[in-house]
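Protein chains in written order, with this note's numbering: chain A, 1 to 438; chain B, 1 to 297.
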């Protein structure tokens, strides 16, 4: 018996010793991201890195619904499970002020990231506070809200003739919000189970905010002053009110029950022949050109968010930057990976795999712009994007926007002016609560 | 003749006394309870008096009753409580009527009674999130089966703010009525047959028999079902979260989730959790007192 116990213990000891020596030799990095196609592309890119350097890259994912919760739970516990995280742009404030992200300011300057990436992506994915010159992430997956449309409906001669007769101009891809609204109204035919447009309305996280921002920014409106945190007179300006009124009008041309719609539902609007146009993040467009997931793939076209009445043209920013987690035990290795990731040739590979690069030269290349039917619209968009607040209390601001804007847009409660006045008060109170304004 | 086992002597022969065996079973449970229930409960009570945010490394500052005061003065929170109360009333009442009614129908000799009872129990064996996604499709105005079967055109079950809460409650009724049915069946089968025979001899009508014999005797077990279902309905989350985003369906646990895990207002959400806990305890106490009265009758 004694011999048996001794042998078993010796065996365990030997196994542990061998295991330890193997682990000690193997270098690896774990990147945390949400569960979606770009994460798979990043894993493929990581496999290339492993071939070149021997450092194993594992992209760990979780569903979007608990991405933020899981990431911050790990940060709060100061856990070292993840070396890098591809986090939402809104997290910058909370993650940098919370000490969860490594300051990448020197890295950005030394590696000329500002010269390599599209300026708007560095501004929103990397810099916090705004215009501070402090950087916490490297632009990784560029994304913004664009539009898909039914080319076959738009190019039908009968429809074109009827449209011109009614509105006095040619039916074509909308260049302004006025045209977008006219086209939505024109194709809205509930008796034929065909509707004008699909827009974001979901208020559980940032769906509604992203959709509303597309109208707000192109109408020349702003969320507030990112330097002074002044919101009264900004989020409830005349331009913002007009944008809200137009978004409410567009809601009237959505399919019935379009009250909880985000990226899944908006792609369904195209695949199920429900709507003529549908807003969505560019990252979700690959499935619309795939005939296996979209029977209308050949008849689906794409365009950038149109201009507002003043000619301004912007879009709501999606996408993420990649940051080094402060509690990682492999920070040096993580920096080396970032150096490799921002190289032009790596960014080319990233784009070829399906990732949305933020690299200026790749974005500007004809090769990239012609690679898919939506890459040109993506390129047009990524140089004119704006984002939501990135302060640590962004989620409270988002919740207040949802509480105020949803009842107006979806249920038609109150007026746009009253809604945005109330939102300005809520946001002002929140900024006062956190000492950003007196 | 079977000789009774002398357990203590057998255990003693293995070197474990009865007390040791008892402790072996009880201590891990108590430790588990203290570590995962009691300790977090007390710890979160402390946090509820602070401005702590779990997403930052900043220390928690004591703010006294500020969180409680602000929450109780927040009209949105009161709206969440009103939505929850309405949901609890509609849902639990519906479950009691449907569940008890089904039990009455099944409490007789019918063919395939066992199979029918088992099939009726299926909904409550499903995951809440799956049921939510499933009913979301059923309610869809464009391709949902419900509108097609009832010939309701494009009727908006979840899109209409006035209808959405009833649609969520209806799903909950579909899912949990079998639970009430199961308990009611147990209660109904325990009613002595001779009472019905005596009522029949006295020529008592069906209403008299139901209100004077069946209901009073089943009431205690029905009350237990109501207590369980009220507590569950009060803290409902999954169904309402998956089915609808209308403000009219934002029950208090959804607000609590957003406050705690989206906004990371840890201190404030701990205070809200305590307010909810106190309310659930108060309601449960009222029920338990009523249950005791019913039992004493």
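Note that CB positions come from ideal geometry on N, CA and C, so glycine has one too.
Okay, do the segment 221 to 241 of chain A and the segment 325 to 336 of chain A touch, 3+ Cβ pairs below 8 angstroms being the bar?
-> no
Specify whether the segment 90 to 105 of chain A and the segment 407 to 416 of chain A touch according to this definition: at least 3 beta carbon pairs, one from each stretch, less than 8 angstroms apart.
-> no
Within the same chain, show all residues whose beta-carbon is closer than 6 angstroms to that of residue 167/A, passing over the 5 residues directly before and after it, in chain order.
-> Reading the first chain from its first residue, position 167 is the one you call residue 167/A. For residue 167/A, where only same-chain residues beyond five positions count, the Cβ hits under 6 angstroms are 182.
To the nearest angstrom, how far is it from the Cα of residue 96/A to the Cα of residue 128/A?
-> In the first chain, residue 96/A corresponds to position 96, counting from 1. In the first chain, residue 128/A corresponds to position 128, counting from 1. Between residue 96/A and residue 128/A, the C-alpha separation is close to 8 angstroms.
Nearest-angstrom Cα separation, counted from residue 172/A out to residue 155/A | Numbered from its first residue, the first chain carries residue 155/A at position 155. Numbered from its first residue, the first chain carries residue 172/A at position 172. Cα to Cα, residue 155/A sits roughly 8 angstroms from residue 172/A.
Look at the Cβ atom of residue 231/A, then the Cβ atom of residue 427/A, and state whether they are nearer than 8 angstroms.
-> Locating residue 231/A in the first chain gives position 231, counting from the first residue. Locating residue 427/A in the first chain gives position 427, counting from the first residue. Yes.
Any beta strand (DSSP E) of 3 or more consecutive residues that is wholly inside the segment 283 to 315 of chain A | 300 to 303
Are there 16 or more other CB atoms within 10 angstroms of the CB of residue 23/A, so buried, or fewer, so exposed?
-> Reading the first chain from its first residue, position 23 is the one you call residue 23/A. Confidence is the limiting factor: at residue 23/A the pLDDT is only 45, short of 50, which leaves the residue's position unreliable and the question unanswerable from this model.
Taking one C-beta from the segment 247 to 261 of chain A and one from the segment 20 to 27 of chain B each time, how about it: are there three or more such pairs within less than 8 angstroms?
-> no
Under 8 angstroms, do residue 248/B and residue 161/B count as touching if we go by C-beta distance?
-> Within the second chain, the letter at position 248 stands for residue 248/B. Within the second chain, the letter at position 161 stands for residue 161/B. Contact flag set, yes.
For residue 361/A, I'd like the list of residues in its chain whose CB is within less than 7 angstroms of its CB, leaving aside the five on either flank, ordered along the chain.
-> Reading the first chain from its first residue, position 361 is the one you call residue 361/A. Result list for residue 361/A: 344, in chain order.
So what does residue 139/A bridge to, in DSSP terms?
-> Here residue 139/A corresponds to residue number 139 of the first chain, with the count starting at 1. According to DSSP, which records beta bridges pairwise, residue 139/A is partnered with 321/A.
Amino acids of chain B, ordered along the chain, whose beta-carbon sits closer than 7 angstroms to that of residue 256/A = Mapped onto the first chain, residue 256/A falls at position 256. Per Cβ cutoff of 7 angstroms: 141, 142, 154, 156, 159.
For residue 274/B versus residue 106/B, is the C-beta spacing smaller than 8 angstroms?
-> Taking the first residue of the second chain as position 1, residue 274/B is located at position 274. Taking the first residue of the second chain as position 1, residue 106/B is located at position 106. No, Cβ-Cβ distance for residue 274/B and residue 106/B is not below 8 angstroms.
At a Cβ threshold of 8 angstroms, is residue 247/B touching chain A?
-> To locate residue 247/B, count along the second chain from 1; it is residue 247. It does; some Cβ of chain A falls within 8 angstroms.
Answer yes or no: does any C-beta atom of chain A fall closer than 8 angstroms to that of residue 56/B?
-> The residue given as residue 56/B occupies position 56 in the second chain. It does; some Cβ of chain A falls within 8 angstroms.
Using a Cβ cut-off of 8 angstroms (strictly closer), state whether residue 287/B contacts chain A.
-> As a first step, residue 287/B must be located in the second chain, where it is residue number 287. No - not a single Cβ of chain A is within 8 angstroms of the one on residue 287/B.
Below 8 angstroms between beta carbons: does that hold for residue 84/A and residue 322/A?
-> Here the question's residue 84/A lines up with position 84 in the first chain. Here the question's residue 322/A lines up with position 322 in the first chain. Yes, the pair counts as a contact, with Cβ atoms nearer than the cut-off.
Is the number of C-beta pairs between the segment 26 to 40 of chain A and the segment 53 to 73 of chain A that are closer than 8 angstroms three or more?
-> yes
Got a sec? Which residues, its chain only, sit under 8 angstroms from residue 295/B by beta carbon, not counting five neighbours each side?
-> By one-based count along the second chain, residue 295/B stands at place 295. 220.
Between which two residues does the alpha helix (DSSP H) carrying residue 276/A extend?
-> Position 276 of the first chain, counted from the first residue, corresponds to residue 276/A. Looking at the DSSP string, residue 276/A is not in any alpha helix (DSSP H); the run it does join, the beta strand (DSSP E), is 275 to 281.
Residues in its own chain within less than 7 angstroms of residue 43/B by CB, not counting five upstream and five downstream?
-> Within the second chain, residue 43/B is the residue found at index 43, counting from 1. None.
Please list, in chain order, all residues of the same chain as residue 312/A whose beta carbon is under 7 angstroms from its beta carbon, the five residues on each side excluded.
-> To locate residue 312/A, count along the first chain from 1; it is residue 312. The answer, listed in chain order, is 218, 220.
Where the segment 259 to 285 of chain A meets chain B: residues whose CB sits under 9 angstroms from a CB there | 259, 260, 272, 274
Going straight from the alpha carbon of residue 160/A to that of residue 275/A, what length do you get?
-> Residue mapping note: residue 160/A aligns to position 160 of the first chain, counting from 1. Residue mapping note: residue 275/A aligns to position 275 of the first chain, counting from 1. One C-alpha to the other measures close to 17 angstroms.
Taking all protein chains shown into account, decide if residue 334/A is buried (16 or more other Cβ within 10 angstroms of its Cβ) or exposed.
-> Within the first chain, residue 334/A is the residue found at index 334, counting from 1. Result: buried.
Would you verify that the beta carbon of residue 424/A is, or is not, closer than 8 angstroms to some beta carbon of chain B?
-> If you number the first chain from 1, residue 424/A lands on position 424. It does not; no Cβ of chain B falls within 8 angstroms.
Cβ neighbours of residue 95/B in the same chain (closer than 7 angstroms, five flanking residues each side left out) | Residue numbering aside, residue 95/B sits at position 95 when the second chain is read from its first letter. The residues are 173, 176, 177, 180, 229.
Name the chain B residues that come within less than 7 angstroms of residue 97/A, Cβ to Cβ?
-> Start at 1 with the first residue of the first chain, and residue 97/A comes out as number 97. Correct list: 56.
Which residue's Cα is closest to the Cα of residue 435/A: 413/A, 415/A, 393/A, 48/A?
-> Taking the first residue of the first chain as 1, we reach residue 435/A at position 435. The shortest Cα separation from residue 435/A among 413/A, 415/A, 393/A, 48/A belongs to 393/A.
How close, in whole Å, do the beta carbons of residue 199/A and residue 251/A come, if the pair is a contact with beta carbons under 8 angstroms?
-> The count along the first chain starts at 1 and reaches residue 199/A at position 199. The count along the first chain starts at 1 and reaches residue 251/A at position 251. Confirmed, Cβ separation roughly 6 angstroms.
Beta-carbon of residue 148/B versus every beta-carbon of chain A: anything under 8 angstroms?
-> Against the second chain, residue 148/B aligns to sequence position 148. No, its Cβ sits nowhere closer than 8 angstroms to a Cβ of chain A.
With a 10 Å radius around its C-beta and 16 neighbouring C-beta atoms as the bar for buried, classify residue 332/A as buried or exposed.
-> For the purposes of this step, residue 332/A is taken as residue 332 along the first chain, with counting starting at 1. It counts as exposed.
What residues of chain B sit near residue 296/A, judged by a beta carbon separation below 9 angstroms?
-> Within the first chain, residue 296/A is the residue found at index 296, counting from 1. Ordered by position in chain B, no residue passes the 9 angstroms Cβ test against residue 296/A, which lies about 16 angstroms from the chain.
Please list the residues of the segment 395 to 422 of chain A that have a C-beta atom closer than 7 angstroms to any C-beta atom in chain B, keeping them in chain order.
-> 395, 396, 399, 403, 406, 407, 411
Just how far apart, CA to CA, sit residue 291/B and residue 278/B?
-> For the purposes of this step, residue 291/B is taken as the residue at position 291 of the second chain. For the purposes of this step, residue 278/B is taken as the residue at position 278 of the second chain. Computed Cα separation, rounded: 20 angstroms.
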